[in-house]
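Novice:
Protein chains: 4
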Amino acid sequence: MYSFKNDYSEGAHPRILQALVDTNFEQEAGYGKDRFTLKAGELLKEKMGRKDVDVHLLVGGTQTNLTVISAFLRPHEAAIAAKSGHIFTHETGAIEATGHKILSIETDDGKLTPVLIKKVLDEHTDEHMVKPKLVYISNSTEIGSIYVYKELKDLSEFCRKNSLLLFMDGARLGSALCSEESDLKLSDLPELVDAFYIGGTKNGALFGEALVICRELLKEDFRYHIKQKGALLAKGRLLGIQFVELFRDNLFFDLALHANKMAGILREQLTKGNFQFLTHSASNQLFPILPDKLIEELQKKYDFLIWEKMDGNDSAIRLVTSWATKEDEVLAFIEDIKKCLS
Amino acid sequence: MYSFKNDYSEGAHPRILQALVDTNFEQEAGYGKDRFTLKAGELLKEKMGRKDVDVHLLVGGTQTNLTVISAFLRPHEAAIAAKSGHIFTHETGAIEATGHKILSIETDDGKLTPVLIKKVLDEHTDEHMVKPKLVYISNSTEIGSIYVYKELKDLSEFCRKNSLLLFMDGARLGSALCSEESDLKLSDLPELVDAFYIGGTKNGALFGEALVICRELLKEDFRYHIKQKGALLAKGRLLGIQFVELFRDNLFFDLALHANKMAGILREQLTKGNFQFLTHSASNQLFPILPDKLIEELQKKYDFLIWEKMDGNDSAIRLVTSWATKEDEVLAFIEDIKKCLS
Amino acid sequence: MYSFKNDYSEGAHPRILQALVDTNFEQEAGYGKDRFTLKAGELLKEKMGRKDVDVHLLVGGTQTNLTVISAFLRPHEAAIAAKSGHIFTHETGAIEATGHKILSIETDDGKLTPVLIKKVLDEHTDEHMVKPKLVYISNSTEIGSIYVYKELKDLSEFCRKNSLLLFMDGARLGSALCSEESDLKLSDLPELVDAFYIGGTKNGALFGEALVICRELLKEDFRYHIKQKGALLAKGRLLGIQFVELFRDNLFFDLALHANKMAGILREQLTKGNFQFLTHSASNQLFPILPDKLIEELQKKYDFLIWEKMDGNDSAIRLVTSWATKEDEVLAFIEDIKKCLS
Amino acid sequence: MYSFKNDYSEGAHPRILQALVDTNFEQEAGYGKDRFTLKAGELLKEKMGRKDVDVHLLVGGTQTNLTVISAFLRPHEAAIAAKSGHIFTHETGAIEATGHKILSIETDDGKLTPVLIKKVLDEHTDEHMVKPKLVYISNSTEIGSIYVYKELKDLSEFCRKNSLLLFMDGARLGSALCSEESDLKLSDLPELVDAFYIGGTKNGALFGEALVICRELLKEDFRYHIKQKGALLAKGRLLGIQFVELFRDNLFFDLALHANKMAGILREQLTKGNFQFLTHSASNQLFPILPDKLIEELQKKYDFLIWEKMDGNDSAIRLVTSWATKEDEVLAFIEDIKKCLS
């Protein structure tokens with residue numbers, strides 16, 4: 053049974069584990085004050101070409117989302133998110149648990165635009181309603197789409213004009229930035245968003261998200277918020293070591309490129325097989341629509357999510373590739389489809 | 053510079069790292085539904101001789117404390133803790149951030165007793181005050197003391213009689229249970245407390261606390277709370293693998309015994325040197341009172357906390373040993389004290 | 053300028069003021085422990101034919117909604133509400149501020165049904181999502197519709213089968229129960245819902261909502277929640293006196309009947325004038341669709357909300373009648389429409 | 053049975069009721085946008101000689117405290133209060149329920165000083181602890197003491213130097229300002245504190261606290277917070293009318309003077325009788341220490357709180373006077389004491 057279920061099925065890239073082993077007995081300060089965390093911050097700032105951002109390393113995505121949003125908003129302020137946004141549907145009300153409403157927007161492709169956000173702003177006119185204040189986007193989105201430079205630039209300008217904070221969930225930022233269709237660079241982000249994070253968990257690390265805070269005003273006291281939310285790792289070194297390893301050369305991007313390449317093979321072959329896709333994806337998540345009978349056959353050898361029942365006898369499934377996905381298995385999967393259909 | 057500053061200065065016991073390496077490429081389900089986490093739960097239940105408890109693996113102590121307390125209490129209910137309790141002073145208001153007051157009690161030794169708690173109950177008589185509902189204790193405490201069986205039994209009975217939940221923070225449970233002065237066994241705990249956790253972070257793991265919920269009523273839906281607080285690790289396997297390694301034989305206890313042994317050498321030698329201690333500690337944290345001049349000398353070669361300025365020219369310092377503490381360094385520290393004083 | 057803008061434009065029915073004057077110098081216990089509040093509770097229980105419910109008097113609607121919902125739910129549990137529900141759009145995120153997500157449902161008529169709720173339940177399947185637990189309905193709804201017995205009975209049965217709490221916002225319960233189309237009686241409610249409130253603010257009182265808790269399990273410690281939310285009025289007598297006055301005879305219902313009668317005249321005459329309505333309303337809120345030109349004319353003499361721009365040159369407006377609405381003004385309003393159109 | 057139990061045993065000053073009757077049928081905008089609320093704000097600004105403050109009228113004290121503190125603080129920030137402070141002990145954790153810790157200070161007289169606060173600041177040094185941000189004081193305090201100009205000035209300067217907000221709970225501000233020992237004027241307050249409120253509930257109104265926000269930064273969006281906390285009264289006119297009546301001439305101060313005068317008679321006579329007091333009070337709350345036997349006798353005719361058991365056979369009781377306290381009853385009380393003792 054091979055799994056295309058998600059991008060966190062395996063452990064970590066061997067270099068990460070090796071780095072943990074190599075540094076294991078060095079005594080270091082706790083809570084992210086160690087030299088590895090410091091070094092990781094420096095490396096990331098270099099990669100972004102920006103010295104004036106703050107970098108914090110946290111363990112996971114939901115944790116980062118809730119720490120950021122609760123730190124940035126005042127009690128009456130709300131976040132805006134696509135209905136498919138992770139914070140809206142898949143975090144057990146984590147944001148609301150910190151006191152904030154999420155205003156959701158129905159979208160086709162999981163992406164927000166100035167037009168869509170404008171409508172929400174227009175509906176929120178006085179103190180009987182929450183005040184929209186932060187725009188949450190994911191890149192890549194939960195359904196595989198990505199933001200290109202122009203789209204993000206437009207969003208950024210709109211947000212600034214309307215005093216909205218722009219926050220990017222980058223749990224799958226590697227795959228997004230390394231997508232063939234992307235013209236965004238890591239170094240563009242501090243210009244365009246107020247905060248974002250670089251997902252390690254789904255791109256080669258054991259765990260870890262590198263939060264980058266770009267706007268001066270949002271930096272103050274941020275470590276208090278991390279601690280309060282239970283997100284300050286005692287052995288912060290573990291996060292530091294991993295991000296140093298990912299960014300001391302090109303490892304982070306290489307891993308994302310591999311994930312995308314594997315998805316690319318799947319996409320190409322499925323397209324050749326005349327299968328439709330539920331959404332246009334240029335990243336490591338694909339949502340092909342397959343006949344239910346074929347799906348049943350594939351489930352005998354492969355693990356994946358059934359995403360949505362379509363009309364008739366078809367369903368969309370989700371296939372996720374990662375840094376660890378084996379090309380052999382991808383090819384075998386394609387062969388198995390061909391066999392089933394022949 | 054050798055550090056006695058805390059018990060999370062190093063990485064993990066080599067067996068833990070090896071286990072991570074060995075299992076790295078196995079594909080596993082996410083979010084704690086992997087076979088390692090399952091296995092860890094089974095091992096722990098065996099060690100406790102109880103099948104009817106629930107085990108959840110979380111990343112850190114503050115995270116576990118806030119998830120547990122917010123899950124167990126209704127909005128108007130409060131926790132009771134010693135003033136020295138971690139949740140009261142060193143978690144940046146994490147519990148209050150989930151909406152609950154902590155009623156603090158001044159103690160000499162960091163431990164709560166029925167008499168101390170009774171006083172708090174007597175002061176809280178009606179709906180203009182919070183309703184005390186959960187008693188939080190640490191074992192070992194933040195100042196090194198431990199609970200013996202009789203003390204915990206008394207506390208347990210008092211809590212049940214008064215409809216109070218009893219929750220034990222076991223960030224340093226290993227050291228407590230393996231203390232020479234302790235007659236408590238891991239298997240006693242499910243009888244005596246409603247929930248507790250077994251700290252891995254400070255006893256050989258990279259990170260990880262094994263929460264044990266003993267009371268039926270408190271088990272329901274607990275995974276929802278973990279997820280909501282950002283505490284559900286995507287690669288939950290990492291926690292599972294570590295706890296399997298710690299508990300598949302006696303490793304967890306062996307490591308705690310080592311920490312205690314190192315502390316024992318320090319205690320014995322300092323006592324011989326006629327130094328006083330701020331608190332009586334039978335665990336891996338010692339609080340000797342040293343002349344400020346001696347402290348200054350020691351700081352040149354050793355890292356440790358200055359805990360409290362005493363009258364005159366003395367201060368109490370905190371020395372912490374761990375699974376990783378080297379006996380050579382302990383002996384060198386003692387020698388250096390002797391040298392300074394001679 | 054006469055206002056049909058809402059049902060809280062005037063003070064209180066003169067009998068209420070007189071009762072306040074008459075009792076003004078009697079010394080009474082504070083915080084709802086006075087004899088008037090006690091008496092009001094007894095009167096309400098009599099009217100409902102139920103001794104086993106708990107009655108609490110609170111100042112306002114948002115206050116009652118947030119106190120109830122935060123008291124009834126555990127942290128991971130969510131409320132379900134119509135998108136038009138007051139808690140979802142017009143309370144500045146008051147419910148979310150207590151930590152709970154509201155799952156909203158698009159409806160035509162502002163009313164929830166088992167079918168609509170079932171869909172939400174089906175979408176919430178595991179701990180990565182909130183757990184739907186409480187169904188919030190308004191009667192009458194924010195757009196004037198009402199629940200008849202059969203509808204509420206079905207909802208009630210569905211909720212019980214699915215372990216959902218059913219909570220009715222009765223800010224306009226008087227008008228709903230006294231509607232010509234209603235076959236519901238006040239005494240039916242304790243059977244059918246787990247908690248509800250009887251709105252005084254919009255039906256003759258200066259302020260005040262009488263919350264009725266029908267389910268045993270929800271009663272415990274409720275006064276703690278009231279106090280914690282800042283909703284325990286020091287001079288609770290003021291609430292008691294008002295509800296005694298409203299319910300010592302038929303005043304509450306008489307006032308609602310008057311409001312409905314005034315709305316009835318408007319409805320009848322507008323229907324005769326061949327105007328359409330945005331929603332079917334059998335209560336004291338009407339949403340007729342009028343030509344924008346006519347609206348402009350009417351605005352010179354009357355105050356009301358423009359609810360929604362329709363296609364073309366029409367808009368729906370909201371007309372609200374109350375216990376204080378003068379028949380003369382209603383007739384004048386109708387005459388003015390006729391004049392404008394002639 | 054005559055009650056000295058508190059200052060909210062009666063309704064309102066007759067002029068207040070009359071004003072409600074006189075304006076009852078005027079149609080007004082809801083939610084504090086009515087002309088009376090506007091007028092009340094203007095009157096208060098005049099009395100303070102300050103046009104640049106914001107005035108909001110809320111229903112009660114706990115409500116005001118929780119709305120203010122949750123609006124002013126970021127999630128990791130804490131309030132500082134005397135242990136006897138209302139928010140610390142008598143609001144059922146209302147502040148904590150909004151997510152904030154209260155750092156309490158033991159005091160003799162219920163008052164905070166720079167020295168006392170400095171100690172708390174010194175203990176809070178890093179992100180593992182909450183960040184003290186707001187100083188909460190009551191004037192008069194919960195045990196009857198008052199702040200004189202110099203004390204408040206010192207506190208004010210200290211707070212500004214240390215970036216602390218200073219917030220005064222003025223539930224009994226009338227009595228404090230009108231105390232013989234007070235040299236503070238209402239018009240001093242906007243200079244000295246960042247926000248405060250003027251208590252109506254305990255000084256002649258049915259209910260109502262006039263919150264004054266003095267610092268520009270704290271004013272933004274405050275109505276959102278009021279609404280979110282369920283504190284925006286639908287018929288806001290009721291608050292407006294009452295505060296207009298209290299401040300259109302000197303009524304507010306006259307009522308406070310009467311309360312103080314009544315307390316003065318009690319104080320003078322009890323002092324003459326050689327009774328000690330638990331605290332020095334210059335306001336409308338007295339805490340005389342009486343023999344338990346005498347207390348038992350008095351309880352047959354008078355209602356009051358037994359505050360604290362003293363050593364031996366004495367207890368401190370609390371006597372509260374108000375605008376409504378009758379001089380005859382005060383004299384009778386004194387006579388009854390004399391009779392008992394003779």
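Residue numbers (our numbering), protein chains in the order written: chain A, 53 to 394; chain B, 53 to 394; chain C, 53 to 394; chain D, 53 to 394.
Every residue gets a Cβ at the ideal spot worked out from N, C-alpha and C, and that includes glycine.
Fair warning: this is a prediction, and the values are worked out from it, not measured in the lab.
#1: For D/K183, which residues does DSSP report across the bridge?
#2: Could you tell me which residues DSSP puts in a beta bridge with D/R275?
#3: Just by C-beta distance, which residues in the stretch 103 to 120 of chain A are closer than 8 Å to chain B?
#4: Skipping 5 residues on each side, what residues in its chain have a beta carbon closer than 6 Å to that of B/E381?
#5: Check the C-beta distance from D/L346 over to D/L393 and give it rounded, since I have them as a contact under 8 Å.
#6: Determine whether the Cβ of B/G63 lies closer than 8 Å to any Cβ atom of chain A.
#7: Find the nearest neighbour of B/Y354 within the set B/E360, B/I386 and B/A334, judged by alpha-carbon distance.
#8: If we define contact as Cβ-Cβ less than 8 Å, is B/P184 a contact residue for chain D?
#9: Under the rule that 16 or more other beta-carbon atoms within 10 Å means buried, what is C/P127, buried or exposed?
#10: Is the stretch 232 to 251 of chain D touching the stretch 86 to 105 of chain D in the sense that three or more CB pairs, one from each, lie closer than 8 Å?
#11: If the cut is a Cβ gap below 9 Å, which residues of chain C does B/E179 touch?
#12: Taking only beta-carbon atoms, is A/P127 less than 8 Å away from chain C?
#13: Give the range of the beta strand (DSSP E) segment to which B/D366 is assigned.
#14: Just checking: is the beta-carbon of C/S215 within a distance shorter than 8 Å of some beta-carbon in chain B?
#15: Using the beta-carbon of each residue, which ones in chain B are nearer than 9 Å to A/Q337?
#16: Flag this pair as touching only if the stretch 218 to 233 of chain A and the stretch 66 to 81 of chain A have three or more C-beta atom pairs under 8 Å; answer yes or no.
#17: Pull up the distance between the alpha-carbon of A/V111 and that of D/A130, whole angstroms please.
#18: When the Cβ atoms of the stretch 268 to 283 of chain B are set against those of the stretch 109 to 124 of chain B, are three or more pairs found closer than 8 Å?
#19: Tell me where the alpha helix (DSSP H) around C/H138 begins and ends.
#20: Distance cutoff 8 Å, beta carbons only. Does D/G151 sit that close to anything in chain A?
#21: Quick one: is D/G93 buried, meaning 16 or more other Cβ sit within 10 Å of its Cβ, or exposed?
#22: I believe A/G151 touches D/G145 by the beta-carbon criterion, under 8 Å. Please report the beta-carbon distance rounded to the nearest angstrom.
#23: Considering just the uninterrupted stretch of the alpha helix (DSSP H) at B/L229, what are its terminal residues?
#24: For B/V372 versus B/N326, is the C-beta spacing smaller than 8 Å?
#25: Identify the contact partners of A/A130 in chain C, using a Cβ-Cβ distance below 7 Å as the criterion.
#26: Specify the secondary structure class of B/M314 as computed by DSSP and reduced to three states.
#27: Any contact of the stretch 166 to 175 of chain C with the stretch 158 to 173 of chain A, i.e. 3+ C-beta pairs under 8 Å?
#28: Using a C-beta to C-beta distance shorter than 7 Å, which residues of chain A count as neighbours of B/V73?
#29: Is the shortest distance between the beta-carbon of C/T141 and the beta-carbons of chain A less than 8 Å?
#30: Using only CA atoms, which one of A/E143, A/E148, A/E203 and A/V182 lies nearest to A/L168?
#31: What is the DSSP secondary structure of B/K171, counted as helix, strand or coil?
#32: Is the Cβ of B/A247 closer than 8 Å to any Cβ of chain C?
#33: What do you reckon, are the CB atoms on C/D344 and C/D366 nearer than 8 Å?
#34: By alpha-carbon positions, which one of D/D363, D/L285 and D/F124 ends up nearest to D/K185?
#35: Quick one: Cα of A/H332 to Cα of A/T323, how far?
#36: Can you grab the Cα-Cα spacing for the pair D/T377 / D/G196, in whole Å?
Specialist: Inspection of the coordinates gives the following:
#1: Your numbering for residue 183 of chain D matches position 131 in the fourth sequence. D/E129.
#2: Counting from 1 along the fourth sequence, the entry for residue 275 of chain D is found at position 223. For D/R275, which the question treats as bridged, DSSP gives no partner whatsoever.
#3: Within the stretch 103 to 120 of chain A, those residues whose Cβ lies closer than 8 Å to any Cβ of chain B are, in chain order, V111, G112, G113, T114, Q115, T116, N117, L118 and T119.
#4: To locate residue 381 of chain B, count along the second sequence from 1; it is residue 329. So the qualifying residues of the chain are Y54.
#5: Within the fourth sequence, the letter at position 294 stands for residue 346 of chain D. Within the fourth sequence, the letter at position 341 stands for residue 393 of chain D. Cβ atoms of D/L346 and D/L393 come within 8 Å of each other, at about 7 Å.
#6: Taking the second sequence and counting its residues from 1, the one referred to as residue 63 of chain B is at position 11. So, interface residue.
#7: For the purposes of this step, residue 354 of chain B is taken as residue 302 along the second sequence, with counting starting at 1. B/Y354 has its Cα closest to that of B/I386, out of B/E360, B/I386 and B/A334.
#8: Working through the second sequence from its first residue, we reach residue 184 of chain B at position 132. Chain D contact via Cβ: absent.
#9: As a first step, residue 127 of chain C is located in the third sequence; it is residue number 75 there, counting from the start. Burial call: buried.
#10: The answer is yes - the stretch 232 to 251 of chain D touches the stretch 86 to 105 of chain D, with three or more Cβ pairs under 8 Å.
#11: Residue mapping note: residue 179 of chain B aligns to position 127 of the second sequence, counting from 1. Near B/E179 (Cβ distances below 9 Å), the residues of chain C are Y83, D273, F274, R275, Y276, H277, I278, K279, Q280 and L284.
#12: As a first step, residue 127 of chain A is located in the first sequence; it is residue number 75 there, counting from the start. At least one beta carbon of chain C lies nearer than 8 Å to the beta carbon of A/P127.
#13: In the second sequence, counting from the first residue as 1, residue 366 of chain B sits at position 314. B/D366 -> beta strand (DSSP E) spans D366 to V372.
#14: Locating residue 215 of chain C in the third sequence gives position 163, counting from the first residue. Chain B contact via Cβ: absent.
#15: Working through the first sequence from its first residue, we reach residue 337 of chain A at position 285. Among the residues of chain B, none has a CB under 9 Å from the CB of A/Q337; the nearest is roughly 15 Å distant.
#16: Segment contact: the stretch 218 to 233 of chain A against the stretch 66 to 81 of chain A, fewer than three CB-CB distances shorter than 8 Å; contact not assigned.
#17: Locating residue 111 of chain A in the first sequence gives position 59, counting from the first residue. Locating residue 130 of chain D in the fourth sequence gives position 78, counting from the first residue. Each residue's alpha carbon lies about 26 Å from the other.
#18: Counting Cβ pairs under 8 Å, three or more are found: they touch.
#19: For this step, residue 138 of chain C is matched to residue 86 along the third sequence. Start and end: H138 to T141.
#20: Here the question's residue 151 of chain D lines up with position 99 in the fourth sequence. Output row for D/G151: interface = yes.
#21: Numbered from 1 along the fourth sequence, position 41 holds the residue referred to as residue 93 of chain D. It counts as buried.
#22: To locate residue 151 of chain A, count along the first sequence from 1; it is residue 99. To locate residue 145 of chain D, count along the fourth sequence from 1; it is residue 93. With a Cβ gap of about 16 Å, A/G151 and D/G145 do not count as contacting.
#23: Against the second sequence, residue 229 of chain B aligns to sequence position 177. Looking at the DSSP string, the run of the alpha helix (DSSP H) that includes B/L229 is L225 to L229.
#24: Counting from 1 along the second sequence, the entry for residue 372 of chain B is found at position 320. Counting from 1 along the second sequence, the entry for residue 326 of chain B is found at position 274. The Cβ atoms of B/V372 and B/N326 lie no closer than 8 Å to each other.
#25: Counting from 1 along the first sequence, the entry for residue 130 of chain A is found at position 78. Per Cβ cutoff of 7 Å: G145.
#26: Along the second sequence, read from residue 1 onward, the residue named residue 314 of chain B stands at position 262. Per DSSP, reduced to three states, the secondary structure at B/M314 is helical.
#27: By the criterion of at least three beta-carbon pairs nearer than 8 Å, the stretch 166 to 175 of chain C is not in contact with the stretch 158 to 173 of chain A.
#28: Start at 1 with the first residue of the second sequence, and residue 73 of chain B comes out as number 21. For B/V73, the residues of chain A that pass the 7 Å Cβ criterion are L69, in the order they occur in the chain.
#29: Along the third sequence, read from residue 1 onward, the residue named residue 141 of chain C stands at position 89. Any Cβ of chain A closer than 8 Å to the Cβ of C/T141 would place that residue at the interface, and such an atom is present.
#30: To locate residue 168 of chain A, count along the first sequence from 1; it is residue 116. For A/L168, the nearest C-alpha among the options comes from A/E203.
#31: Mapped onto the second sequence, residue 171 of chain B falls at position 119. In the three-state DSSP reduction, B/K171 falls in the helix class (H, G or I).
#32: As a position in the second sequence, residue 247 of chain B is number 195, starting the count at 1. So, not an interface residue.
#33: As a first step, residue 344 of chain C must be located in the third sequence, where it is residue number 292. As a first step, residue 366 of chain C must be located in the third sequence, where it is residue number 314. For C/D344 and C/D366, yes; Cβs fall inside 8 Å.
#34: As a first step, residue 185 of chain D must be located in the fourth sequence, where it is residue number 133. It is D/F124 whose Cα lies nearest to the Cα of D/K185.
#35: Reading the first sequence from its first residue, position 280 is the one you call residue 332 of chain A. Reading the first sequence from its first residue, position 271 is the one you call residue 323 of chain A. The straight-line gap from Cα to Cα measures roughly 12 Å.
#36: Indexing the fourth sequence from 1 puts residue 377 of chain D at position 325. Indexing the fourth sequence from 1 puts residue 196 of chain D at position 144. Straight-line measurement puts the Cα of D/G196 at about 17 Å from the Cα of D/T377.
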